[in-house]
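Enquirer:
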Amino acid sequence: MLGGGLRKHVSRDSEIRMKIYGSHNASGFLGRSFQTINDLNRNERMYLFGHAGRLKHAIRTDKAEIMNEYRIGNPDSGLYEIFLEDSTRTRESFKNAAEFHRIKSLELNCNSSSFNKFESYADTFANLIGYNNRVFVVRSRLEGVCRYLTQSTGEYIKRQGFPEYVSFVNAGEGQHEHPNQELLDEFTFLEDLDWSTESIHLAMIGDLYHGRTVHSKVHGLSSFDSVSIDLVAPPELAMPAHYVRAMQEQGFIIRVFQSIQEYIERADVAPQWYFTRPQIERMGDRILHNQDRLRATITCDVDTASRLGERTVLYHPLPRHRERPTIPPSLDSTSLNGWERQSANGWYVRITLLALIAGQIGTDYEGPVGPIQDADEDPPFVREIVPTESKPKQYSEGVHPIMDGLVIDHVRVGEDAKQIRHHIRTVLPYSGSMEREASGYPKALMAVLRISSSGLATPNSPTPRLDALSPCRPEQVSA
Ligand code: CP
817 MLGGGLRKHV SRDSEIRMKI YGSHNASGFL GRSFQTINDL NRNERMYLFG
867 HAGRLKHAIR TDKAEIMNEY RIGNPDSGLY EIFLEDSTRT RESFKNAAEF
917 HRIKSLELNC NSSSFNKFES YADTFANLIG YNNRVFVVRS RLEGVCRYLT
967 QSTGEYIKRQ GFPEYVSFVN AGEGQHEHPN QELLDEFTFL EDLDWSTESI
1017 HLAMIGDLYH GRTVHSKVHG LSSFDSVSID LVAPPELAMP AHYVRAMQEQ
1067 GFIIRVFQSI QEYIERADVA PQWYFTRPQI ERMGDRILHN QDRLRATITC
1117 DVDTASRLGE RTVLYHPLPR HRERPTIPPS LDSTSLNGWE RQSANGWYVR
1167 ITLLALIAGQ IGTDYEGPVG PIQDADEDPP FVREIVPTES KPKQYSEGVH
1217 PIMDGLVIDH VRVGEDAKQI RHHIRTVLPY SGSMEREASG YPKALMAVLR
1267 ISSSGLATPN SPTPRLDALS PCRPEQVSA
């Protein structure tokens, strides 16, 4: 049932728009920014999916009249893509969506932009708004960047008297969220569930720790009345506990497995499996060294595939690794393949999203507008705390907080003795008098590197730098 479970709510986004622009707009979607999946409430997402399905059918059957209903009327309404991380599908499907709309579409060359001259995000985007661009698609490591830009450019827009709305669409931010991927994922799940939102039983397999597409599912899957999730990942790549809690708080039924091999033994595996790749670019050394073992626990090999039910569908936001894919290409021509359709759906969903943001469609939408938030819930903003002018605390003994240094913990940890020695050798040059006075070998559980006014002290700097060493037995180093 659409809208089930919606409680007393306030519309934060429309409040922000009221503050910035002074009035509500005709379509509740016009000029909206899209930082997290919750920025479109469940009814709004369903409205979007309905239109994306209608548009997909129209394009597939060449119904020009219906396609034209979605085309943004104003060709000057510019789309700007700012990608500070690599992408193929998200960047190119938005570009192709702009082609469909026949609107201006540009991309900032971030590698040679003035970001390299330490220009701020706020200044960069304000300048691009000034060139008559109204929708920014942003991929960045900076989590929360679209929310920040909505607020930081608001004053600029007012100062310059720009009459129109400016939207920031999150195209993937750090390890946090990838909400427009979530839209196309949900759209594809719904296609396979005959558009029923009654229930979903989904296995999420892979790098659940770093993967932002699975993090968007924590709230995105609230599109369904009843949700069962099987989390399949080794402990190193497990879903962070706060996301698991958030799912449980919404009434999702959660089961946890450490590998596909463990999961496939169950008689009640999910009919829909969502894979997410090991995000090796975000992993630390410790995990990287184990990547082959970890990858094996989240790979659907041919044997596993042969044990899946006839109606099972596999999804993957892609890309998959060309040498070590967790869904092998030998499965491409099987009925398990949901990932190719999922990727193609990205185009229809993003065309529809742009049509909504531009106000081309949406005036007939009658549900609640904006994020739904419990009235008694704290707003999801980080509150800024201004440091007080209090005197620094005096310590006569014991552990002192570090104000001017960098703590490196677990220095003496590694895969083998060679690596441990390498770690210790890397840190020792920074050690000062304390290291020389320490008896035995440094256990080096923790190193405290002092930071001088010009940056991290160098090995030849006269000041003592490695301030904390504890002795250990020689065999602990040579082991
Ligand atoms: N699914 C996805 O975000 O792919 P890209 O990184 O290629 O955009």
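Take the sequence shown: its position 145, counting from 1, is numbered 961 in our numbering, and each next residue is one higher. Ideal placement from N, C-alpha and C gives every residue a C-beta, glycine not left out.
Using only the alpha-carbon positions, how far apart do I1143 and Y1090 sit?
Expert: As a position in the sequence shown, residue 1143 is number 327, starting the count at 1. As a position in the sequence shown, residue 1090 is number 274, starting the count at 1. Computed Cα separation, rounded: 11 angstroms.
Enquirer: Hey, quick one: how far does the beta strand (DSSP E) through P1020 stretch, first residue to last?
Expert: Within the sequence shown, residue 1020 is the residue found at index 204, counting from 1. Strictly speaking, residue 1020 in this sequence is Met, with Pro absent from that position. Counting along the chain, the beta strand (DSSP E) containing M1020 begins and ends at 1015 to 1022.
Enquirer: Going by beta-carbon coordinates alone, are L1339 and L856 separated by less than 9 angstroms?
Expert: Since the first and last residues shown for the chain are 817 and 1295, residue 1339 lies out of range.
Enquirer: Skipping 5 residues on each side, what residues in its chain have a beta carbon closer than 6 angstroms to that of R1252?
Expert: Sequence index remark: in the sequence shown, residue 1252 carries index 436 (1-based). Here the model assigns R1252 a pLDDT of 38, short of 50, so the residue's position is not dependable, and the following value carries that caveat. So no residue of the chain qualifies.
Enquirer: Judging by CA-CA distance, which residue of L1000, P1087, V1185, V1043 is the nearest neighbour of S1015?
Expert: Taking the sequence shown and counting its residues from 1, the one referred to as residue 1015 is at position 199. Comparing Cα-Cα distances from S1015 to each of L1000, P1087, V1185, V1043, the minimum goes to V1043.
Enquirer: Enumerate in chain order the residues of its own chain whose CB-to-CB distance from G1297 is below 6 angstroms, with the five nearest sequence positions on each side excluded.
Expert: This structure does not reach residue 1297, given that the chain is present from 817 up to 1295, and the question cannot be answered.
Enquirer: Would you please state the rounded distance, in angstroms, between the beta carbons of W1163 and N912? I believe it to be under 8 angstroms.
Expert: Counting from one through the sequence shown, the residue named residue 1163 turns up at place 347. Counting from one through the sequence shown, the residue named residue 912 turns up at place 96. Confirmed, about 6 angstroms.
Enquirer: For L1104, count the other beta carbons within 10 Å of its own beta carbon; 16 or more makes it buried, fewer makes it exposed. Which is it?
Expert: What you label residue 1104 is simply residue 288 of the sequence shown in a count that begins at 1. So L1104 ends up on the exposed side.
Enquirer: Could you tell me the boundaries of the alpha helix (DSSP H) in which G869 lies?
Expert: Counted from its first residue, the sequence shown places residue 869 at position 53. Run containing G869: 858 to 876, per the alpha helix (DSSP H) assignment.
Enquirer: I believe F1003 touches A868 by the beta-carbon criterion, under 8 angstroms. Please report the beta-carbon distance rounded to the nearest angstrom.
Expert: The sequence position of residue 1003 within the sequence shown is 187, counting from 1. The sequence position of residue 868 within the sequence shown is 52, counting from 1. That belief holds up - the Cβ atoms of F1003 and A868 are roughly 6 angstroms apart, short of 8 angstroms.
Enquirer: Can you tell me whether S1146 is helix, strand or coil according to DSSP?
Expert: Residue mapping note: residue 1146 aligns to position 330 of the sequence shown, counting from 1. S1146: helix per DSSP, three-state reduction.
Enquirer: Between which two residues does the beta strand (DSSP E) holding I1045 run?
Expert: Here residue 1045 is taken as the residue at index 229 of the sequence shown, counted from 1. It spans 1042 to 1048 - the beta strand (DSSP E) in which I1045 sits, taken as one unbroken run.
Enquirer: Compare the beta carbon distance of H1132 and T1092 with 9 angstroms and say whether it is the shorter of the two.
Expert: The sequence position of residue 1132 within the sequence shown is 316, counting from 1. The sequence position of residue 1092 within the sequence shown is 276, counting from 1. In contact: H1132 and T1092 (Cβ atoms closer than 9 angstroms).
Enquirer: Look at the alpha carbon of F899 and the alpha carbon of L999, and state the distance between them as a whole number of angstroms.
Expert: Here residue 899 refers to the residue found at position 83 of the sequence shown. Here residue 999 refers to the residue found at position 183 of the sequence shown. Each residue's Cα considered, the two are about 19 angstroms apart.
Enquirer: Quick one: is the Cβ of Q991 within less than 8 angstroms of any heavy atom of ligand 1?
Expert: Residue numbering aside, residue 991 sits at position 175 when the sequence shown is read from its first letter. No, since every heavy atom of ligand 1 falls outside the 8 angstroms radius drawn around the Cβ of Q991.
Enquirer: Are the stretch 1038 to 1053 and the stretch 1017 to 1029 in contact at 8 angstroms, needing three or more beta carbon pairs?
Expert: Yes, they touch.
Enquirer: For ligand 1, enumerate in chain order all residues having a CB closer than 5 angstroms to any of its heavy atoms.
Expert: Cβ-based neighbours of ligand 1 within the cut-off: S903, T904, R905, T906, P1133.
Enquirer: Measure the Cβ-Cβ separation of A987 and S903 and say whether it is below 9 angstroms.
Expert: Reading the sequence shown from its first residue, position 171 is the one you call residue 987. Reading the sequence shown from its first residue, position 87 is the one you call residue 903. Yes.
Enquirer: In or out: F934 buried (at least 16 other Cβ within 10 Å) or exposed?
Expert: Sequence index remark: in the sequence shown, residue 934 carries index 118 (1-based). It counts as exposed.
Enquirer: Rounded to whole angstroms, what is the Cα-Cα separation between A914 and R1241?
Expert: Taking the first residue of the sequence shown as position 1, residue 914 is located at position 98. Taking the first residue of the sequence shown as position 1, residue 1241 is located at position 425. So the alpha carbons of these two residues sit roughly 54 angstroms apart.
Enquirer: Is S909 helix, strand or coil when you go by DSSP?
Expert: In the sequence shown, residue 909 corresponds to position 93, counting from 1. Three-state DSSP puts S909 in a helix.
Enquirer: Tell me whether N949 is buried or exposed, calling it buried when 16 or more other Cβ atoms sit within 10 Å of its Cβ.
Expert: Taking the sequence shown and counting its residues from 1, one reaches residue 949 at position 133. N949 is buried by the Cβ-count criterion.
Enquirer: What is the rounded straight-line gap between the Cα of W1011 and the Cα of F978?
Expert: By 1-based counting over the sequence shown, the position of residue 1011 is 195. By 1-based counting over the sequence shown, the position of residue 978 is 162. Each residue's alpha carbon lies about 40 angstroms from the other.
Enquirer: By DSSP's criteria, R1071 is part of a beta bridge. Which residues make up the other side?
Expert: Taking the sequence shown and counting its residues from 1, one reaches residue 1071 at position 255. For R1071, which the question treats as bridged, DSSP gives the partners D1046.
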